[in-house]
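Here is the structure we will look at.
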Amino acid sequence: MTPADDGDRQTQLLRGALDMCMLALLAKEPAYGYELVRRLDEAGLDAGGYGTVYPLLTRMRRLGLLSDEVHSSPSGPRRKVYAITPAGRERLRSWQAQWQKFVETVNATLTDPPTRGESHAQ
Amino acid sequence: MPNERPQWTIDHALTLVEREWRRRHVDPRDRAALREDLRLDLEAAQSEGIRPDELIKGDVRDFAARLADEAGARRIPFAYRRLLLNALIGTLPGALLGYWMLYGVHMPIVGATSRQPTVAELAGFYSALGALVLAGSLLTVWLRMRDLPAMGRTVLGMALAMPVTALAAIPVAMLFAWSVNYSSAFPVLVVEASLVCGPLAGAVVVVRRWALRDYDAPAPHRLHPAPA
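Chains as they are written, first to last, in this note's numbering: chain A, 1 to 122; chain B, 1001 to 1228.
Now the structure itself:
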């Protein structure tokens, strides 16, 4: 598998979990759009950049999982900061549980002992 | 040659994004809200040294479309293409019937009696044909598009605007035909058809915009949730 294939696979895997990761990061600390992109990058999640993250932020706000508030800054422009709402925390808990179950299932599949046919082949 | 991207200012980036929202008929109020939010974010990023073109990588139209969709922005259902197509299709039965009346009924009668029709008779005949074509067009639009909002007002507006527009456009087309000695060359016919169809299509678009001027798109959710 080439590094490009690796990258594509990583992007595919992340696609289904990106909103959960964003919610988790915002649960730790509210952020504005670009700041969240940076934090995703720092966490090692190549989320596809601002063009992917910012529309997702607006979706989660529409769904009531996030709230937004304009903060003025003494040293820079005003910022619209996104924070997780109680409904967002509830959803995050549910997603985390689902994710744990999913990971356990995948791990169990990957670590299954070799089948009888494979043992004979060895 | 290196693949250089133009360096956008925030205003330029917002203009590009807004152009796509306009193209998609996003409600002006939602456009303004989305624009303001995006401006704040771009300004904040720029204060950290990140330019808009570095931030919005890739296809700006795709970004704008996704942003509007994900934010749940409302769209105004102008449906111009569908409206114009149905209006055009609706003229066909009337036009065919008119053609048959003109060459199958009117001309033979005029030929048999050898009496030249008066101007009033000609005006009445062509007005009746025009009314037939218009009625077919309006009926088709109504029957095929009545599920869209403000279609009653649209059809009513078309019923008023299209005859007036035709009355203005047809003399212009006739003047053009006279100026080219009533040539039947294909490019001439195309220009003549454009001189009539262009203003009619424009009138339909204007009428549709007028019909939807107070349209309040149903919003299953607010773009900005109300503060608790």
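Positions of the beta carbon are idealized from the N, C-alpha and C atoms, including for glycine.
Predicted model, so just to flag it, every value in this text is computed and none were measured.
{"query": "Among B:Gly1098, B:Gly1104, B:Pro1171, B:Gly1111, nearest to Gly1136 (chain B) - alpha-carbon criterion", "result": "B:Gly1098"}
{"query": "Beta-carbon proximity check, Val110 (chain A) vs Leu23 (chain A), cutoff 8 Å", "result": "Here the sequence assigns Leu to residue 110 (chain A), which means Val is not the residue at that position. In this structure, Leu23 (chain A) does not lie closer than 8 Å to Leu110 (chain A) by Cβ."}
{"query": "Within-8 Å CB hit, Arg59 (chain A) to chain C", "result": "No chain C is part of this structure, whose protein chains are labelled A and B."}
{"query": "Minimum C-alpha distance to Leu1156 (chain B) - residue among B:Met1174, B:Ser1184, B:Leu1212, B:Ala1193", "result": "B:Leu1212"}
{"query": "Which listed residue (B:Gly1202, B:Pro1187, B:Asp1214) has its alpha carbon closest to that of Arg1153 (chain B)", "result": "B:Asp1214"}
{"query": "For Ala1150 (chain B), the first and last residue of its enclosing beta strand (DSSP E)", "result": "Note, Ala1150 (chain B): premise wrong, no beta strand (DSSP E); not H, not E."}
{"query": "Beta carbon of Gly33 (chain A) nearer than 8 Å to that of Asp1041 (chain B)", "result": "yes"}
{"query": "Residues of the stretch 25-37 of chain A with Cβ closer than 9 Å to any Cβ of chain B, in chain order", "result": "Tyr32, Gly33, Tyr34, Glu35, Val37"}
{"query": "Rounded C-alpha distance that separates Pro1163 (chain B) from Leu1139 (chain B)", "result": "15 Å"}
{"query": "Interface residues of the stretch 1018-1044 of chain B facing chain A [CB-CB below 7 Å]", "result": "Asp1037, Leu1040, Asp1041, Glu1043, Ala1044"}
{"query": "Which listed residue (B:Met1101, B:Glu1048, B:Pro1093, B:Gly1094) has its alpha carbon closest to that of Gly76 (chain A)", "result": "B:Glu1048"}
{"query": "Straight-line gap, Val1017 (chain B) to Thr1165 (chain B) (C-alpha atoms, nearest Å)", "result": "35 Å"}
{"query": "The beta strand (DSSP E) enclosing Ala83 (chain A), as first and last residue numbers", "result": "76-84"}
{"query": "CB of Leu1195 (chain B) within 8 Å of CB of Ala1169 (chain B), strictly", "result": "yes"}
{"query": "Segment limits, beta strand (DSSP E) that includes Ser67 (chain A)", "result": "66-73"}
{"query": "Contact list for Gly1049 (chain B) against chain A, beta-carbon separation under 7 Å", "result": "Within chain A, no residue comes near Gly1049 (chain B); the closest Cβ sits about 11 Å away, beyond 7 Å."}
{"query": "Of the residues B:Arg1061, B:Glu1020, B:Leu1160, B:Tyr1126, the one placed nearest Trp1210 (chain B), counting alpha carbons only", "result": "B:Leu1160"}
{"query": "Neighbour-count burial assignment, Gly88 (chain A), 16 or more Cβ in a 10 Å radius", "result": "buried"}
{"query": "Chain-order list of residues whose beta-carbon lies under 7 Å from that of Ala1068 (chain B) (same chain, five-residue window excluded)", "result": "Trp1021, Arg1024, Val1026, Leu1034"}
{"query": "Cβ distance (whole Å) where Arg1066 (chain B) is taken to contact Pro55 (chain A) below 8 Å", "result": "4 Å"}
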